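Peer 1:
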Amino acid sequence: MKTKEYREDLRSKNVEELNAELVAAKKELFNLRFQNATNQLENTSRIKEVRRNIARIQSVMTEKANA
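Under the working numbering, the first residue of the sequence shown is numbered 166, with each subsequent residue one higher.
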């Protein structure tokens with residue numbers, strides 16, 4: 166999914182859905198870090214992608230809180 170489409174998708178969700186997605190992304194990041202530490206991770210760029218997605222989710226949550 167492109168980043169613009171992903172941001173629009175996030176903005177269409179409510180706060181509860183964003184919280185659920187944030188928790189899922191953090192779990193995925195933990196698993197990726199664990200795989201990286203044990204040399205089982207093939208696509209290391211996925212870590213960077215998930216970190217940025219977490220930041221995007223948190224940004225949209227902040228926008229909704231300030232609105």
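Glycine included, C-beta positions come from ideal geometry on N, C-alpha and C.
Remember, it's a predicted structure, so these values are computed and weren't measured experimentally.
Which residue from Q200, E214, T227, A230 puts its Cα closest to that of A190?
Peer 2: Residue numbering aside, residue 190 sits at position 25 when the sequence shown is read from its first letter. That would be E214, whose Cα lies nearest to the Cα of A190.
Peer 1: Our contact map puts L187 next to Q223 with C-beta atoms below 8 Å; I'd like the distance itself, whole angstroms only.
Peer 2: Taking the first residue of the sequence shown as position 1, residue 187 is located at position 22. Taking the first residue of the sequence shown as position 1, residue 223 is located at position 58. Right, the Cβ-Cβ distance comes to about 7 Å (below 8 Å), so this counts as a contact.
Peer 1: Would you tell me roughly how many angstroms separate the C-alpha atoms of K227 and N208, rounded to the nearest one?
Peer 2: Here residue 227 refers to the residue found at position 62 when the sequence shown is read from its first residue. Here residue 208 refers to the residue found at position 43 when the sequence shown is read from its first residue. As written in the sequence, residue 227 is Thr, which differs from the Lys given in the question. Roughly 30 Å between the two C-alpha positions.
Peer 1: Under the three-state reduction of DSSP, which class applies to K229: helix, strand or coil?
Peer 2: Position 64 of the sequence shown, counted from the first residue, corresponds to residue 229. Here K229 sits in helix by DSSP.
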